[in-house]
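Be aware that the sequence shown starts at 106, since it is given in the numbering used here, and climbs by one per residue.
Structure, as structure tokens:
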Amino acid sequence: MFSWLGNDDRRKKDPEVFQTVSEGLKKLYKSKLLPLEEYYRFHEFHSPALEDADFDNKPMVLLVGQYSTGKTTFIRYLLEQDFPGMRIGPEPTTDSFIAVMQGDVEGIIPGNALVVDPKKPFRKLNAFGNAFLNRFVCAQLPNAVLESISVIDTPGILSGEKQRISRGYDFAAVLEWFAERVDRIILLFDAHKLDISDEFSEVIKALKNHEDKMRVVLNKADQIETQQLMRVYGALMWSLGKIVNTPEVIRVYIGSFWSHPLLIPDNRKLFEAEEQDLFRDIQSLPRNAALRKLNDLIKRARLAKVHAYIISSLKKEMPSVFGKDTKKKELVNNLAEIYGRIEREHQISPGDFPNLKRMQDQLQAQDFSKFQPLKSKLLEVVDDMLAHDIAQLMVLVRQEETQRPVQMVKGGAFEGTLQGPFGHGYGEGAGEGIDDAEWVVARDKPMYDEIFYTLSPVDGKITGANAKKEMVRSKLPNSVLGKIWKLADIDKDGMLDDEEFALANHLIKVKLEGHELPNELPAHLIPPSKRKVPE
């Protein structure tokens, strides 16, 4: 008789089915989260509404730093070509936000035209007014790197009154807007000018809640000696520890990101290793883009829920007729107590609440009588989205990752170090002797043969037990020695002949010198007698 009630209830609990992650994010946001945001005026307090372009756009990298730390040069280094509007110099040259994006032809799109383009994710920036839009451009150019990512260059952060007065727009608020939407935030520091100005400190604090996206680059490190570099690195970590309030140490990449010769080449290997680590991090962005957008939507939904509780609590406390202004002041002053009450009543983590001081400042200008009371149905819809639909999308993210070819940033500086003799670690460790005509292990084989013949070989081979006695002298853990054994025992007979024993000792040496072991034995390390002759 009442079967339709059960069907309706089931329909509400079943997660929606989506074809793609991007489509799913758009539908969930518009149908489930946006109504809650609009009802409680979330966009006036926190962040403008999201648009389709926010879900469809390529991963973005935001570069932030004081002037002359090498932000623009860093972009040029990645792209290996100049981009429209680029200016480089020791003085504060970049006075605009420049979105460097892929385009068929080189050119510049001014800010006012950019914020009316529905295909670009910048439409909501029009809220910052003409003072900002006159300082915002999009530089388009055909470039292989930009096919996978976009890069945002920012004005150098100035010191003193210049930063606060002469900009004409809220610089920190603009950076915060970008921080919410980008996939990676790179803070650049100059090894010569390490002092973090008050303005830069405020900017970093404004990027709070986005620490997972932040990476730090200590640039121009080739201009100082090793001993000084250690001191500078230590000082930077100490300074960042006071500003970035995370228990984990933030990742700092040391290097010199431009295409000029190194002034002091002592740390060349360190710079190469750090560059490779940073490049790998940037190259992974397209692969993790869907997951990042999903993560940001969850973050936004949690904040929207807390905001709804705050606004409805304030509405509930307001008198219906007299004493509204007095009560408003009292509520704003006691906002910390309201936070505490909401936290206890709804079991919400303190980390989900918006900044107290900022919220108090924003509430001063609001008319509390226009606030809405608690509407449980809107919150239930968002809870249902977080509990069921997000889990469905997580499965879809993994499916898309396995079905698509591996997505990586290619071209520009990423290409030069991938293959060939200038690839990181080429000709070192297990790669030593890759281009030699002679088997590289043969150089030390006479020394290894002396040891081999003391281990009582039978029919030219030693047993695993005898080999183990010698190999454990290296003091390497059994897991590593086990891997070396598997690589060296080429014919898989559980014994080692003189060539295999020499190979095992060579791999032990490679590991002891600090290099990683290969997962499979490279062709140049296979003993000559065991190489297959091509038919």
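Ideal Cβ positions, reconstructed from N, Cα and C, are used throughout, including at glycine.
Just so you know, these numbers come straight off a predicted model, no measurement behind them.
Indicate the three-state DSSP secondary structure (helix, strand or coil) for residue i in the structure shown.
{"i": "D295", "result": "strand"}
{"i": "A204", "result": "strand"}
{"i": "P627", "result": "coil"}
{"i": "V321", "result": "strand"}
{"i": "Q328", "result": "helix"}
{"i": "K649", "result": "The structure shown does not extend to residue 649, since the chain is modelled only from 106 to 640, so the question has no answer here."}
{"i": "G212", "result": "strand"}
{"i": "R356", "result": "coil"}
{"i": "I453", "result": "coil"}
{"i": "G234", "result": "helix"}
{"i": "L560", "result": "coil"}
{"i": "M423", "result": "coil"}
{"i": "R289", "result": "strand"}
{"i": "I262", "result": "strand"}
{"i": "F362", "result": "coil"}
{"i": "Q512", "result": "coil"}
{"i": "H315", "result": "coil"}
{"i": "E149", "result": "helix"}
{"i": "H620", "result": "coil"}
{"i": "P459", "result": "coil"}
{"i": "N400", "result": "helix"}
{"i": "E640", "result": "Any reading at E640 must be qualified, since the residue scores a pLDDT of 41, below 50, and its modelled position is unreliable; the value itself is stated next. If DSSP states are grouped into helix, strand and coil, E640 belongs with coil."}
{"i": "G111", "result": "Note that G111 scores 43 on pLDDT, short of 50, meaning its location in the model is unreliable and no value can be drawn from it."}
Let's test the definition: count the other Cβ atoms within 10 Å of the Cβ of residue i and tell me whether it reaches 16, buried, or not, exposed.
{"i": "Q245", "result": "buried"}
{"i": "D327", "result": "buried"}
{"i": "K347", "result": "exposed"}
{"i": "N624", "result": "exposed"}
{"i": "K637", "result": "exposed"}
{"i": "M552", "result": "exposed"}
{"i": "M335", "result": "exposed"}
{"i": "V279", "result": "buried"}
{"i": "G216", "result": "buried"}
{"i": "E543", "result": "exposed"}
{"i": "R181", "result": "buried"}
{"i": "D598", "result": "exposed"}
{"i": "R115", "result": "Summary for R115: the model assigns pLDDT 44, below 50, so the residue's position carries little reliability; its value from the coordinates is reported in the next sentence. By the 10 Å Cβ count, R115 comes out exposed."}
{"i": "K591", "result": "exposed"}
{"i": "E537", "result": "buried"}
{"i": "R240", "result": "buried"}
Ends of the beta strand (DSSP E) at residue i?
{"i": "Q245", "result": "241-246"}
{"i": "S474", "result": "Unbroken run through S474: none, as it is neither H nor E."}
{"i": "I257", "result": "255-258"}
{"i": "D602", "result": "600-602"}
{"i": "G170", "result": "165-170"}
Tell me, to the nearest whole angstrom, how far the beta carbon of residue i is from that of residue j; I am working on the premise that it is less than 8 Å.
{"i": "A609", "j": "L601", "result": "6 Å"}
{"i": "G516", "j": "V250", "result": "5 Å"}
{"i": "E533", "j": "H620", "result": "7 Å"}
{"i": "I257", "j": "F202", "result": "7 Å"}
{"i": "F255", "j": "M165", "result": "Rather than Phe, the amino acid found at residue 255 in this sequence is Ser. Their Cβ separation, rounded to whole angstroms, is 5 Å, which keeps S255 and M165 in contact under 8 Å."}
{"i": "H412", "j": "F150", "result": "6 Å"}
{"i": "L498", "j": "F123", "result": "7 Å"}
{"i": "F557", "j": "D594", "result": "Not confirmed; about 14 Å, so no contact."}
{"i": "A158", "j": "P226", "result": "4 Å"}
{"i": "K176", "j": "V487", "result": "Contact flag wrong, Cβ pair sits at about 38 Å."}
{"i": "Q207", "j": "N162", "result": "Their Cβ separation, rounded to whole angstroms, is 11 Å, which puts Q207 and N162 out of contact at 8 Å."}
{"i": "L292", "j": "M319", "result": "6 Å"}
{"i": "Y134", "j": "L402", "result": "6 Å"}
{"i": "S579", "j": "I613", "result": "5 Å"}
{"i": "V437", "j": "Q469", "result": "6 Å"}
{"i": "Q171", "j": "G273", "result": "No, Q171 and G273 are not in contact; Cβ-Cβ is about 20 Å, not under 8 Å."}
{"i": "V321", "j": "V357", "result": "4 Å"}
Considering just the uninterrupted stretch of the alpha helix (DSSP H) at residue i, what are its terminal residues?
{"i": "S306", "result": "303-311"}
{"i": "M499", "result": "495-508"}
{"i": "V437", "result": "429-438"}
{"i": "Q381", "result": "373-388"}
{"i": "P140", "result": "139-144"}
{"i": "F123", "result": "It is not in any alpha helix (DSSP H) - F123 carries neither H nor E in the DSSP assignment."}
{"i": "R181", "result": "176-184"}
{"i": "A154", "result": "Counting along the chain, A154 falls outside any alpha helix (DSSP H), and DSSP gives it neither H nor E."}
{"i": "D489", "result": "481-489"}
{"i": "I589", "result": "583-593"}
Quick one: is the Cβ of residue i within less than 7 Å of any heavy atom of the ligand GTP?
{"i": "R463", "result": "Summarising the ligand content, the structure contains no ligands, and the ligand GTP is consequently not present."}
Strictly under 8 Å for the Cβ-Cβ distance: is residue i near chain D by that measure?
{"i": "K635", "result": "You won't find chain D in this structure, because it holds only one protein chain."}
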